[in-house]
Amino acid sequence: MHAVVLAALLLISAPSRLDVILERGHILVGMTGDYRPFSYLREDGTFEGLDVEAARSLAGALGVDVRFVKTSWPTLVQGILEGRYDIAMSGVTRTLERQKVVGLSDGYLSIGKCTLIRASDQDRFTGLEAIDQPGIRVGVNPGGTNERFVRAHISKAEIVVIENNLAIPEAVATGRVDVMITDNVEAVLAARRDPRLHAVAPDRPLTSEELSYMIPRDDPVFLNWINLWLHQMELDGNLDSLRDRWTGR
């Protein structure tokens, strides 16, 4: 009982990450840099994307500067737990598993899993059953919800792990792998950029999910502030503008 009371007192006395950010004068934002159109690391070392613009808007609302911290999908959660950044903003899917160890904001975009194939294979790969066959190669980036979906639904086809998420569409186009399973927003964008590719039924995705922002779990003050900021962005029309500009939705 004493341990529970002590833990509660420590939690109450600990400053919110919101206060830390305001005192520090800048917010640290984790970015994977490999997930168009949300987070892309350019050759000059700068980031661009929907969530990059959102991060700058967030910093402006806080009245602080923004500093981006390069991370990866396998280390995304660990970076939050270790305090390497205050928030992760790279098209992060809300999941119950993630919510066990980190805090997740309200959703800001509805998405779903979709297959990206070669345009010449449209009659061949009409669904997961046609894809999950011996001799078929499915490319996947490690550490995120795409890999978890693939490993849960693909048992006969070969799963090819490709570390660089940005390289997978090209791997599909050139025949290194046959299929990429990713979020419909990314699949549609990849097909727009490369006529060799085709996104299969992006308006009828295989799952229904939401993107959110990731923060430390035990910080309701910071979480409430992030959610209110998102709500205000929605009311002002700024969130719609971001979505339209970067995803066409």
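Residue numbering for the sequence shown follows the numbering used here, beginning at 597 and increasing consecutively. Cβ atoms here follow ideal geometry from the backbone N, Cα and C, with glycine treated the same way.
Pull up the DSSP beta-bridge partners for H622, would you.
D661
Could you have a look at F818 and say whether DSSP puts it in helix, strand or coil?
helix
Does the Cβ of D815 have 16 or more other Cβ atoms within 10 Å, making it buried, or fewer, making it exposed?
buried
Checking 8 Å against the spacing of the C-beta atoms, do C710 and P798 come in under that value?
yes
State the DSSP-derived secondary structure class of S612, mapped to helix, strand or coil.
coil
According to the Cβ coordinates, are L712 and A783 closer than 8 Å?
yes
Separation of V698 from S686, as counted between CA atoms
15 Å
Using only CA atoms, which one of L819, R789, G833 lies nearest to P633?
R789
Applying the criterion that 16 or more other CB atoms from any shown protein chain within 10 Å of the CB defines a buried residue, is A604 buried or exposed?
For A604, the predicted model reports a pLDDT of 47, less than 50, meaning its position is unreliable; a value from the coordinates is still stated below. Label assigned to A604: exposed.
Spatial neighbours of D774 within its chain, please: CB distance less than 6 Å, with the 5 preceding and 5 following residues excluded, ordered by chain position.
I732, R733
Best match in R638, A769, L835, G656 for proximity to A715 [C-alpha to C-alpha]
A769
To the nearest whole angstrom, what separates the beta carbons of H622 and R663, a pair I think is in contact under 8 Å?
5 Å
Rank E759, I758, V736 by C-alpha distance to the C-alpha of A748 and give the top, closest one.
V736
Which of the three DSSP states, helix, strand or coil, is assigned to E678?
coil
Counterpart residues of R788 in DSSP-defined beta bridges:
The partner list for R788 (beta bridge, DSSP) is empty, contrary to what the question assumes.
Buried or exposed (CB count within 10 angstroms, at least 16 for buried), V781
buried
Consult DSSP for L605 and reduce its assignment to one of helix, strand or coil.
Because the pLDDT of L605 is 46, which lies under 50, any placement of that residue in the model is unreliable, and the number read from its coordinates should be weighed accordingly. In this structure, L605 counts as helix in the three-state DSSP scheme.
Whose C-beta lies closer than 8 Å to the C-beta of V600 among residues of the same chain, with five residues either side of it excluded?
Because V600 carries a pLDDT of 47, less than 50, the predicted location of this residue cannot be relied on, and no value is offered for it.
Can you grab the Cα-Cα spacing for the pair V796 / T778, in whole Å?
11 Å
Enumerated in chain order, which unbroken segments of the alpha helix (DSSP H) with a length of 4 residues or greater are wholly contained in the stretch 753-817?
764-770, 780-789
Run of the beta strand (DSSP E) containing I750, from where it starts to where it stops
Element bounds for I750: n/a, residue is neither H nor E.
As a quick exercise: from R613, M776, G703, A753, pick the residue whose alpha carbon is nearest that of N761.
M776
Nearest-angstrom Cα separation, counted from V746 out to T642
31 Å
Return yes when the Cβ of G675 is within less than 8 Å of the Cβ of K690, no when it is not.
A quick correction: the sequence has Arg, not Lys, at residue 690. No; because the gap between Cβ atoms is not below 8 Å, this pair is not in contact.
Tell me, please, which residues DSSP counts as bridged to V736.
V757
In this structure, how does DSSP classify D702 when only helix, strand and coil are distinguished?
coil
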